[in-house]
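Numbering (our numbering), first residue to last: 5 to 429. No residue lacks a Cβ here, since even glycine has one placed at the ideal position from N, Cα and C. Notes follow once the structure below has been shown.
What follows is the structure, encoded as C-alpha cells:
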C-alpha cells in the first residue's frame with residue numbers, strides 16, 4: 005500500500021527547517037517580507053567566517069576588512085581600498101584610501117589603480133631630496149590630483165571622437181560602432197564605461213613620524229580620528245563632512261549652482277538618481293544634455309536604459325551637477341596614540357546603527373577602538389576593523405550577526421562595507 009502525504013506550503017517548509025538545530029527564519033526587519041532562512045553559526049566558527057568573508061588582514065599598522073556577504077551571482081562589492089607605504093627622500097609616507105563605486109565597476113577599478121600612483125609621483129617631485137614640505141602644498145597636491153584624474157576621464161572620452169564639435173551629427177549606428185564591445189572597440193568601450201560610472205573616495209596621507217595627517221574626501225565615505233585625551237579617555241571626531249543631501253551646506257551649495265531647477269535635486273538625489281553630490285566620473289551628469297540624448301543611449305550597457313537616459317536628459321540644463329572638487333583637511337597629530345578610521349558609507353548604514361545619531365555612533369566606535377587599543381600588548385593584536393564590522397552587524401548578538409552573514413536571499417540585503425583602521429599605539 006502506498007501512502008501519500010500532503011505537500012507542505014513554502015512557509016511550512018521554512019518553519020520546519022527553522023526547527024532544525026542551527027537554522028532560523030527572518031523577515032530582515034521588514035514585517036510581512038520573506039521569510040528567509042539563515043544558518044546560526046556558533047563560536048569560534050562565527051568569528052572565523054566573518055574574518056574569511058571580509059578578507060580581514062593587517063598591513064603594516066593598518067587593519068582591513070571589506071564585506072559584501074551576498075553570493076557573487078547576486079551582487080559583488082563595488083568598494084575598493086588601497087594601503088601603501090611610500091619611501092620618499094628616506095622617509096616613509098603612509099597612504100590609505102577607501103573608494104565606493106556606483107553604477108559599475110569600471111570607474112572605481114580605474115581610480116583605485118591610478119590615483120595612488122599619481123599622488124605618489126607628484127609628492128616625489130614636490131619633495132625632491134628634502135623631506136620637509138609645507139602642509140598647504142601637500143593639501144593642494146591632493147586636491148589637484150583628484151580633480152586632474154577626473155579631468156583625464158573626461159578628456160579621454162572626448163578624444164574618442166575625431167571631431168568633438170560634430171558629435172551631434174553622428175548617426176546612432178556610427179556611435180554604436182565607436183563603442184562596440186569587441187576587439188576593435190574594446191578600448192573605447194572601457195573609456196566610456198569609466199566615464200559613465202562613478203566613485204566616491206576618502207583618503208589619508210601621513211608623513212614620516214606621523215606628525216601630519218591629511219584627509220581628502222569626495223562623496224559620502226567617512227574619516228574618523230580617535231585619540232586618547234589627557235584624561236586617557238578615548239575621544240572620536242569626524243574629520244570630514246558628507247557630500248550628500250544630509251548636509252544642509254552641501255544642499256545649499258548645489259542649489260546656488262543650479263537655481264530655479266526644481267528637478268535637479270529630488271528625493272535627496274541628483275536628478276532623482278545619484279546620492280553623492282561629489283564624485284569622480286559620472287560624466288553623463290557633468291556633460292551637456294546631448295550626450296545623454298544621443299551618445300550614452302547608443303552604448304550597449306546594462307545600467308541605464310535608453311528610455312531612462314531620455315527621461316533624465318529632460319532635466320539637464322546646467323551641468324556639471326556632480327562636483328569633482330574634494331574637501332582637504334590637515335591635522336597636526338599629537339604624540340599620543342590614535343586610530344584613524346576610513347570607511348565606506350556601508351558601515352554607518354548597517355541596521356544596528358539605523359536611526360542612531362552619528363555622534364552617538366562615533367562615540368560608540370571610539371570606546372570600542374580604545375578598548376581594543378588598550379588590550380593590544382606585545383604579539384597579541386586585535387584587528388580593529390574587524391571589531392568595528394562585527395559591532396555593526398550585531399556585536400555580541402551572535403544570532404543577529406549570523407543572520408546578516410548567512411541569510412539566503414536572492415537580492416542584496418546590505419550595502420558594501422569597507423573599513424581601514426590606521427593605528428599608532
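- Within 10 angstroms of the beta-carbon of residue 173 lie fewer than 16 other beta-carbons, which makes it exposed.
- Cα atoms of residue 315 and residue 277: separation of roughly 11 Å, rounded to the nearest angstrom.
- Here the region 310–327 makes no contact with the region 340–356; the two share fewer than three CB pairs at distances below 8 Å.
- According to DSSP, residue pairing for residue 282 in a beta bridge involves 327.
- Taking a 10 Å sphere around the C-beta of residue 391, we find 16 or more other C-beta atoms and assign the residue as buried.
- Here residue 193 is buried, its C-beta having at least 16 other C-beta atoms within 10 Å.
- DSSP places residue 354 outside both helix and strand once states are collapsed to three, so it counts as coil.
- Pairwise C-beta distances place the region 68–78 in contact with the region 44–59, as three or more of them are shorter than 8 Å.
- The alpha carbon of residue 131 has as its nearest neighbour, out of 142, 122, 121, the alpha carbon of 142.
- Ranked by how close their Cα comes to the Cα of residue 287, the residues 107, 229, 318, 417 have 107 in first place.
- The residue among 34, 37, 47, 38 with its C-alpha nearest the C-alpha of residue 405 is 47.
- Counting only residues of its own chain and dropping the five nearest sequence neighbours on each side, residue 116 has a CB closer than 7 Å to the CB of 84, 86, 103.
- Ranking 139, 227, 408 by CA distance to the CA of residue 355 puts 408 first.
- In the structure shown, the three-state DSSP call for residue 34 is coil.
- Taking C-beta separations shorter than 7 Å and ignoring five residues to either side along the sequence, the partners of residue 321 in its chain run 265, following chain order.
- DSSP places residue 244 outside both helix and strand once states are collapsed to three, so it counts as coil.
- According to the DSSP assignment, residue 147 belongs to the alpha helix (DSSP H) that extends over 139–162.
- Annotated as distal: residue 201 and residue 80, with beta-carbon spacing of 7 Å or more.
- Cβ-Cβ distances below 7 Å link residue 280 to 204, 223, 224, 247, 248 in the same chain, with the five nearest sequence neighbours on each side left out; the list follows chain order.
- Per DSSP, the unbroken alpha helix (DSSP H) holding residue 374 starts and ends at 362–379.
- In the three-state reduction of the DSSP assignment, residue 51 falls in the helix class, which pools H, G and I.
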